[in-house]
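Protein chains in written order, with numbering that gives the first Met the number 0: chain A, 0 to 281; chain B, 0 to 292. What follows is one structure encoded as structure tokens, with my remarks underneath.
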Amino acid sequence: MVERQKFGNLFPHIVLCIGVLIVAFPIYLAFVASTQDTATIANGQMSLLPGSHFLETYYKTLFVGSSGTTREPVSMMLFNSLVMAMLIAVGKIAISIISAYAIVYFRFPFRMAIFWLIFITLMLPVEVRIYPTYKIVAQLHLLDTYAGLSLPLIASATATLLFRQFFMTVPDELLEASRIDGAGPFRFFWDTLLPLSRTNMAALFVILFILGWNQYLWPLLITTRDDMQTIQTGIRKMIAASDALTEWPVVMATAILAMLPPVFIVVAMQKLFVRGLVETEK
Amino acid sequence: MQKQTVFQSRLLPYVLVAPQLAIVLIFFYWPAVQAVIQSFLLQDAFGLSTSFVWFDNYKDVLGAPEYFATIVRTFVFSFFIAISSLSLALLLAVMADKPLRGSALYRTFLIWPYAVAPPVVGVLWVFMLNPSLGILAHGLRAMGIDWNPLLDGNQAASLIILAAAWKQISYNFLFFLAGLQAIPSSVIEAAAIDGARPARRFWTIIFPLLSPTIFFLIVVNIVYAFFDTFGIIDTITRGGPAGSTVTLVYKVYEDGLLGGNLGGSAAQSVILMGIVIALTAIQFRFVERKVNY
């Protein structure tokens, strides 16, 4: 601190408390709504304190499903979202780390051409090429499959660039030393490079998992069967009906369940998360 | 920049890049090229014959007053989302940068919404501001505002902007905080010794030093407003009332659902690609990125 403020740190505390209030209030309200019964909310008589229907609502949401438009229980959607997010995160890390390895540690014809081919994909998010991609996925008979959900989202260069940059900072001496010890490319990759990349992989995993979990437009287009929908597409269908028919406690419980895994990851792995965010964006 | 020591192998590097190359070619280049080709073609109503029509599809798309309105609307949304969320995030970051008791706790609470998916954000806000049962809607009505985003286009638009800006606060906050912490305290102390009060120090020292971060965040926020708001719009208004919340991405989606004009929707996609490439180029050109390629 440079100087003493007149009222100590009262002012920053007030501003930050208001900020936290703005950020947390919608989430708190969703939780409160998920513990009250449908009629109370529909009347607009909702109280700001948690009600008594917590177990009832969450049991219904997870294992029965809302009685309205979506008949699938939310546990199914959570499972689909989990599979999709894991496939995207693990798949992207796996294919990126080996291609970055090839680009950094080998000399071969078309090396730079291949690098640029991958690099350019950074520029276009899936949203702008959504229908042509849809057509191709349909032609490959991948609609309503986990492969169809995840493969097009793996096609981007962020992770490759990150690993490439990291590999460039790994001292050459390490490679020389392992070669003297008789290590080939596989051995060097497995015993030296992978252990060194662990933190980077973890940070990347956190970001990619959240990104995959929160995908919306793509799963909306390519899943038609109810048992293939993710939690993000499922929740929209729940408020599709008219106001009077929407079961708000179930919708809000679904919202809470939908944000639980990524929020948990952000809070529990804050350091990795911040690191991953800053590194993938710069 | 290149490694001095490398492995020698003729086949192995190709095997290693093959999976990524395959996915990129099939799911990125192939659809992108298709979109570009499609945008120059016109298909008859039965899909039996196609003809090459040069830029007719683009002329049709850009000539429609509705499309022009959508472009303007998307930029207006971006502007309001960026400005409101950036200014609030900057204020919070400046406060959180002070040595406060419990600042780690504040930080944890403030970065939460980053993890909340856009459709869930939409659901949260539609619930609070639902005209018949929303808590905030009751408040607005008590203040004498005739709140009904289901009928009033401007209110629907402000609801979208509010929800989208809310979600983006945490992202901006994190980057501002990182930017602030990178400013050496000696610079600020020197200014304080020269007699500059906190407000003056902020505008003459901290703010200019933070400008690369600000510029970077403006671009990121615009891209966010273009693409990630889709989930928010789709859960809150579905583009309504009367198309008053349709953004460029939402229009591509909507027109595609109706089917029909393939060339037109391909042309829309290509225009979007152009805008994104331009934004990325601006980012590369003007923002100092600490990356060596």
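The beta carbon of each residue, even a glycine, is placed where N, CA and C say it ideally should be. For clarity, every value in this text was computed on a predicted model and none was experimentally measured.
At least one beta carbon of chain A lies nearer than 7 Å to the beta carbon of B/W29.
Taking 7 Å as the upper bound on Cβ-Cβ separation, chain B lies near residues I113, L116, I117, T120, M122, L123, P124, E126, V127, R128, I129, Y130 and P131 of the segment 108-131 of chain A. The shortest C-alpha to C-alpha distance from B/Q267 to any of A/R128, A/T191, A/L152 and A/R178 is the one to A/R128.
Comparing alpha carbon positions, the residue from A/E172, A/F118, A/P151 and A/I179 closest to A/F162 is A/F118. Within the same chain, and ignoring the five residues on either side of A/R274 in sequence, the residues whose Cβ sits closer than 6 Å to its Cβ are A202. Taking the Cβ atoms as the reference, A/E246 lies roughly 5 Å from A/T37, within the contact range of under 8 Å. Neighbours of A/G50 in chain B, taken as residues at a C-beta separation under 7 Å, are lacking, since the least C-beta distance is about 14 Å. Taking the Cα of A/L152 as reference, the smallest distance to any Cα among A/M268, A/Y133, A/P170 and A/F78 is reached at A/Y133.
Contact note: B/W111 reaches chain A through V22, A23, I26, V262, V265 and V266, using a C-beta cutoff of 8 Å and chain order.
Residues G152 of the same chain have their beta carbon placed closer than 8 Å to that of B/A241, with the five preceding and five following residues left out of the count. Under the Cβ criterion (8 Å, minimum of three pairs), the segment 211-218 of chain B does not count as touching the segment 142-158 of chain B.
Contacts between A/W247 and chain B, judged by CB atoms closer than 7 Å, involve F126 in chain order.
Within the segment 175-204 of chain A, contact with chain B at the beta-carbon level (separation under 7 Å) is assigned to E175 and P184.
Taking a beta-carbon distance threshold of 7 Å, A/I135 counts as an interface residue toward chain B. Interface flag for A/S98 against chain B is set, since a Cβ pair is found closer than 7 Å. B/Y252 and A/L216 do touch by the CB rule: their CB atoms are close to 7 Å apart, below 8 Å.
The C-beta of B/T49 comes no closer than 7 Å to any C-beta of chain A. The continuous beta strand (DSSP E) containing B/F51 extends over residues T49 to F51. Between B/L85 and chain A, the shortest Cβ-Cβ separation is not below 7 Å. Taking C-beta separations shorter than 6 Å and ignoring five residues to either side along the sequence, the partners of A/P49 in its chain run V31 and T34, following chain order. Residue B/V120 holds the alpha-carbon nearest to the alpha-carbon of A/I234 among B/S131, B/F201, B/V14 and B/V120. Per DSSP, the beta bridge partners of B/L41 are B/S50.
Buried is the label assigned to B/T236, since at least 16 other Cβ atoms lie within 10 Å of its Cβ. In terms of beta-carbon proximity, B/M94 lines the interface with chain A, with at least one pair separated by less than 7 Å. Beta bridge pairing from DSSP links B/F6 with A/F105.
In this structure, B/L109 sits near A/V22, with a CB-CB distance shorter than 7 Å. Taken in chain order, the members of the segment 248-262 of chain B whose beta-carbon sits within less than 8 Å of a beta-carbon on chain A are V248, V251, Y252 and G255.
If you check the CB distance, B/S38 and B/A265 come in under 7 Å.
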